[in-house]
Amino acid sequence: MERADELVAEPRRAAWWRRMASRLARASRAFGEQLRRIVSRSSVDEAFFDDVFELLVSADCGVDVAERLVASLREAVRREHPADAAAALALLKAEMAAMLAGRDRRLNIGARPSVLLLVGVNGSGKTTTIGKLAARLRESGRIVLVAAADTYRAAAIDQLRVWADRSGAAVVAHQPGGDPGAVVYDAVQAALARQADCVLVDTAGRLHTKVNLMAELAKVRRVVERLIPEAPHETLLVLEAPTGMNAIAQARAFHEAMRLTGLVLTKLDGTARGGTVIAIEQELEVPVKLVGLGEGIDDLNVFDPEAYIEALFEGLGSV
Ligand SMILES: Nc1nc2c(ncn2[C@@H]2O[C@H](COP(=O)(O)OP(=O)(O)OP(=O)(O)O)[C@@H](O)[C@H]2O)c(=O)[nH]1
Ligand SMILES: [Mg+2]
7 MERADELVAE PRRAAWWRRM ASRLARASRA FGEQLRRIVS RSSVDEAFFD DVFELLVSAD
67 CGVDVAERLV ASLREAVRRE HPADAAAALA LLKAEMAAML AGRDRRLNIG ARPSVLLLVG
127 VNGSGKTTTI GKLAARLRES GRIVLVAAAD TYRAAAIDQL RVWADRSGAA VVAHQPGGDP
187 GAVVYDAVQA ALARQADCVL VDTAGRLHTK VNLMAELAKV RRVVERLIPE APHETLLVLE
247 APTGMNAIAQ ARAFHEAMRL TGLVLTKLDG TARGGTVIAI EQELEVPVKL VGLGEGIDDL
307 NVFDPEAYIE ALFEGLGSV
């Protein structure tokens, strides 16, 4: 196992999150505005807890998580006797941070080659994430191969090539309409022959309710397993943050079919649903490992729960 954030030098990582904080805070304005409204309350009474519950649900934390957070906040308030609503919200922030703490978010990219399979519904950001991740891995000196297992559209293969060219990753592709399993077979064989470090497999978007397409994904997985028994080293579900709680049904279906090892949450820059991360993680027990906060090559990073919570609560200033 290797920490994915070792891929990024520490100062750059901090700077990245500072830059992203404003993007996330801007997008999560709704959260910030509600926080400020709650802060203006004179006391920490029942209405305060109701407002917090509403805040969490409208940020798409989900009702279960919202209830749990409010319950633990009640306890913290009993214990700590915060002087005012602002101090009580600081306790909420701590409870949310605690919920995200302690998960192993490392990418399993120690083996050579490591095979990473990216799956998800149409347009969730799989190809873009592969492009960004390839760039990160190349920067850290790794030999990267991308497999164009989205064979449904010629444009999908071209899109992947453009991304791969930007970072100097090699591409293994077949003709449009080909068998995704065959592409992956060739890609893993090529990676073994060339001693590549990572194989990133781009799959076609599919609805989690389409049985035949889910079976096709499972087949891709079996092809990989047959060549390298411990592979795929990562099976990452790419989810759009704006999908909110609806993403949970998707995530469950993909998890059942593919045994997910991690989640990639994209488009966090364009959503007020900042709580989705917490809800999905709690629901599935699968950690968010990477987040996308834009369309550019640098707009991907390891998920840093502390920085994330800071960004979410930025609207509160010093709280
Ligand atoms: N704002 C924003 N846009 C993103 C992010 N990630 C991806 N996108 C955009 O989302 C759109 C779809 O991205 P793709 O990478 O093509 O999605 P995909 O999952 O490969 O799509 P299919 O292959 O069609 O299933 C593109 O316009 C991307 O630029 C992100 O983190 N933030
Ligand atoms: Mg794609």
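Counting in our numbering, the sequence shown runs from 7 upward without gaps.
Every residue gets a Cβ at the ideal spot worked out from N, C-alpha and C, and that includes glycine.
Keep in mind it's a predicted model, so treat the numbers as computed, not measured.
Item: Expected contact under 8 Å - CB spacing of L206 and M264 to nearest Å; Value: The pair is not a contact, with the Cβ atoms about 16 Å apart (cut-off 8 Å).
Item: One or two residues paired with D338 in a DSSP bridge; Value: Residue 338 lies beyond the residue range present for the chain, which begins at 7 and ends at 325; the question has no answer from this structure.
Item: Sufficient close CB pairs (3 or more, under 8 Å) joining the region 108-125 to the region 256-270; Value: yes
Item: Buried or exposed (CB count within 10 angstroms, at least 16 for buried), E240; Value: buried
Item: Straight-line gap, R144 to A89 (C-alpha atoms, nearest Å); Value: 51 Å
Item: Three-state class that DSSP yields for N114 in the structure shown; Value: coil
Item: Close-in-space but distant-in-sequence residues of the same chain around L213 (CB under 8 Å, 5 per side omitted); Value: V127, N128, L219
Item: For T267, the three-state DSSP class (helix, strand or coil); Value: coil
Item: Whole-angstrom distance between I44 and F54, CA atom to CA atom; Value: 7 Å
Item: Where A199 falls, given that 16 or more other Cβ within 10 Å makes a residue buried; Value: exposed
Item: Inter-residue spacing [alpha-carbon to alpha-carbon] between A221 and T215; Value: 11 Å
Item: Three-pair Cβ contact test at 8 Å for the region 84-103 versus the region 176-187; Value: no
Item: Outcome for V69 when other beta-carbon atoms lying within 10 angstroms are tallied against a minimum of 16; Value: exposed
Item: Beta-carbon separation (whole angstroms), G187 vs V226, contact threshold 8 Å; Value: 5 Å
Item: DSSP bridge partner residues for A176 (one or two, in chain order); Value: L151
Item: Straight-line gap, V189 to V150 (C-alpha atoms, nearest Å); Value: 16 Å
Item: Local conformation of E291 per DSSP, three classes; Value: coil
Item: Within 8 Å, strictly: CB atoms of S146 and C204; Value: no
Item: Any non-hydrogen atom of ligand 2 closer than 7 Å to A164 Cβ; Value: Note on identity: in this sequence residue 164 is Asp, with Ala being the wrong assignment. No, the Cβ of D164 stays beyond 7 Å of every heavy atom of ligand 2.
Item: DSSP three-state assignment for V50, whether helix, strand or coil; Value: coil
Item: Selected residue, minimal CA-CA separation from V83, among K273, I163, T157, S49; Value: S49
Item: Spatial distance of I234 from A193 (CA atoms); Value: 12 Å
Item: Contacts around L290, its chain only, beta-carbon distance under 8 Å, and the 5 residues preceding and following it disregarded; Value: I254, A257, R258, H261, L266, L269
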